[in-house]
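Encoded as structure tokens, the structure appears first; notes follow it.
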Amino acid sequence: MHLKQALNILSPYEGKTIEIMNFRGLNCPIFNNNEYPFSLNVTTDMMRYLKTVCVETLDLSENGIVDFEENSLLSFDRPECLKHLYFKGNRFAFAYGRHMDELKSFFNKSLALKTFDYSFIPVRYKLYANDFRQYYEKDYHLSNSVIYLPLSLEKLVLGNVICDDITRIFFLRRGSNLTYLDVSFSYTNNVIVFEGNASYKTETLVLDGHFHATLYTIELVNFINVKYLFWRKAKLFYIMHARSDDMFLKRFMELFRKFEYLKHLDMSDNSLYILPKHLFININHLSELSLSRNLFQAIPREIISQKDIKTLDLSKNLLPTVNLETRVWADSMNQKNGLHFLLADNAFECNCDNLDFIKWIQETKVKLDTRAYNCTLLNGTVITVLEAFDQMHDLFSSCRNSIWLMVSSILLGTGCIVTVLLLIYSRRWNIAILFYRIFRKIIQKKYGKNYAFDVFVSYGGDSIPWIKNYFIPKLEDEWKLKICVKDRDFYGGHSFYDAEAESIENSRHVIFLLTPIFKVSQDCLFEIDRVKHEISMQNIENVIVISKDITLKDIPEGLTHIWNYVLFIQWPEDCHDHDLTWQKLRKWICNDLLY
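Take any residue in the sequence shown, count from 1 to its spot, add 876: that is its number in my numbering.
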């Protein structure tokens, strides 16, 4: 039966009172002709009987209505009777002018209206190349678009409306009884405005399809106490995964901090794999949470911070397991509230690491959607968790070997660590000296004194040929050190002893080359006294005595007073031992060697 036919047979009910009149889905595209078209324009004649009926619930959904004449669709003799009106699934718009005026008049007269459903209405898509608004902006004022909703209205459904034309401002006044608001998946210029400085009864918000909805009007939540929030397929991952300084994330967090009375939250199908930290910090009464059809690989810690959860839906995610902390929390929630835990269609793994989870599925008292979840073995075979539990000994016998291997590895690692510690302890003094030398050289390089010479050589006259032919070529040419040799580096015009004192003071190391002539040389005795002074001033790093052709009993008495600071080398007579002696000397005076 066509809607026109249904309306024409209402003559017997003219002026009567009827509780429900359901005309949903009478028009069908298959039956389409001039007399009964699928695209229907409601006329005054078609409404002549219906307008007289005192009806509480009127459903005109899905009838292909594309327009209506003046004093037809919204014209009722007794509008105060109407409580529930459904226009869902039609294709007409409340256009600027007469349509808007009739809608305003209808709402003003409908004093008992509780439900107004204007959803799933495809009228006009947004085409940027044909933006018609440029033609009416001069004559159009926003005040003409304000539509005052009845105070009696409890449910307003404006979801899935595609109508990119004029702005319509649906205004909720102080004292409104609205409890349910649905603006999901709508692409319009419609705006919902709550009168300020008032409280409202709105408890249910449906924001599906819009990640930005209400983020610009956070003050909305100052007026309403949301208990049920549906925010599905809204691409919320754009917000959740944003940087901490992102504007949308900040507004999102601020919005959730105002949901103090939230009981039911549904954020399914949003491609989420994390939840922002402290997202639920102000939410203490949440009892139902749905995060199904997302990409979680682990259960967020923000969930287990809740203490009143009765239903948790994490089905159709990518969870490989449920960790111990969550299992303990789920058991405690079940004891407290009787938890329903939905986990179907996740990526559970049946392996050695998940044995406790497999056992928990079969033993827990939590109300699960099934105890035979699919899981994947290491070889890729898919079985159920129940099968894995029943065949646990056969499937996971290798886990014992893994445990022993882990224990053996721990013992071996512990043994290696103990061995290393014992070795370090036995060599502790050598290691301490090594680090001391490294540290000393770093300190010297950064804060140490700048020396004019690396080495000052004190010697007797009988050592000059050896110094000239062997000592100087080795230290200066090969080791690249700067040596002070008095017979070469002292010039006339200065006091000889002053030059000696100054050179010793400006040398990093001092080498005494002991020979028979050295003992009786006055210059050498003076040099010994100066070295004593520099040692007391801590200006010299090393004092090295090389004994050549002289015995220890013939060492000058002055050197015995500083013998505790002396590094002694007995120069070998055998030329084959010279390399080792040179190496020993280089270790003491060259900065490029640590030891």
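Note that the Cβ used here is the ideal one computed from N, Cα and C, for glycine as well.
The model shown is predicted, which means the values in this text are computed figures rather than measured ones.
Under a 10 Å Cβ-count criterion, N1230 is classified as buried, with 16 or more other Cβ atoms of the shown protein chains found around its own Cβ. Judged by DSSP secondary structure, V999 falls within the beta strand (DSSP E) whose first and last residues are 997-1000. Between the stretch 1212-1224 and the stretch 1244-1263 there are three or more C-beta pairs closer than 8 angstroms, enough to call the two in contact.
In this structure, S1163 lies near I1185, with their beta-carbon atoms less than 8 angstroms apart.
When the Cα atoms are used, D921 and S948 turn out to be separated by approximately 8 angstroms. For M897, the enclosing beta strand (DSSP E) has its first and last residue at 893-898. Taking C-beta atoms as the reference points, V1331 and I1359 count as a pair closer than 8 angstroms. Annotated three-state conformation of C1039 is strand, per DSSP.
Going by beta carbons, F970 and L979 fall inside the 8 angstroms limit. As summarised for the stretch 1343-1370, the continuous beta strand (DSSP E) elements at least 3 residues long and confined to that stretch are 1359-1361, given in chain order. In this structure, the alpha-carbon of V931 lies about 12 angstroms from that of L886.
Put simply, the backbone Cα of S915 is about 39 angstroms away from that of V1102. With contacts defined by Cβ atoms closer than 8 angstroms, I1175 and L1190 form a contacting pair. By a beta-carbon distance limit of 8 angstroms, F1106 does not contact L1131. Their separation comes to about 15 angstroms. Within the same chain, L958, K959, L961, P1026, S1028, L1029 come within 7 angstroms of L989 by CB-CB distance, once the 5 residues on both sides are set aside. Going by C-alpha positions, A1110 is about 8 angstroms away from D1145. Rounded to whole angstroms, the separation of the alpha carbons of R1133 and V1033 is 26 angstroms.
Residues of the same chain with a CB within less than 6 angstroms of the CB of Y925, apart from the 5 flanking positions on each side, are L886, S887, E890 in chain order.
Between the alpha carbons of S937 and K1241 lies a distance of about 45 angstroms. In terms of CA proximity to E911, L879 leads the group T928, L879, K892, T933. Here I1445 has I1420, V1421, I1422, S1423, T1457, K1460, L1461 as same chain residues with Cβ atoms under 8 angstroms from its own Cβ, once five neighbours each way along the sequence are excluded.
When the five nearest sequence neighbours on each side are left out, the beta carbons in the same chain lying within less than 7 angstroms of the beta carbon of T919 are those of E945, S948, in order along the chain. A residue is called buried when at least 16 other Cβ atoms come within 10 angstroms of its Cβ; E1449 does not meet this threshold and is exposed. Under the 10 Å beta carbon count, P955 is surrounded by 16 or more other beta carbons and is classified as buried. V1294 is not bridged by DSSP to any residue. Assigned with DSSP and collapsed to three states, N1222 falls in coil, not helix or strand.
Of all C-beta pairs linking the stretch 1062-1073 to the stretch 1033-1050, three or more are shorter than 8 angstroms, placing the two stretches in contact.
Contact between D1058 and G1085 is ruled out by a C-beta separation of about 11 angstroms, above the 8 angstroms threshold. L1148 is a Cβ neighbour of F1172, given a cutoff of 8 angstroms. Here C1228 carries a helix assignment [DSSP, helix/strand/coil]. In the three-state scheme derived from DSSP, where H, G and I count as helix and E and B as strand, R1050 is classed as coil. With the rule of 3 Cβ pairs closer than 8 angstroms, the stretch 1393-1409 does not count as touching the stretch 1340-1351. Here the alpha carbon of M897 sits roughly 35 angstroms from the alpha carbon of K1139. For the options D1453, S1412, M1413, C1400, the alpha carbon positioned closest to that of P1432 is the one of C1400.
In its chain, beyond the 5 residues on either side, F1156 have a beta carbon closer than 7 angstroms to the beta carbon of S1181. Take the alpha-carbon of D1455 and the one of T1295: they are about 37 angstroms apart.
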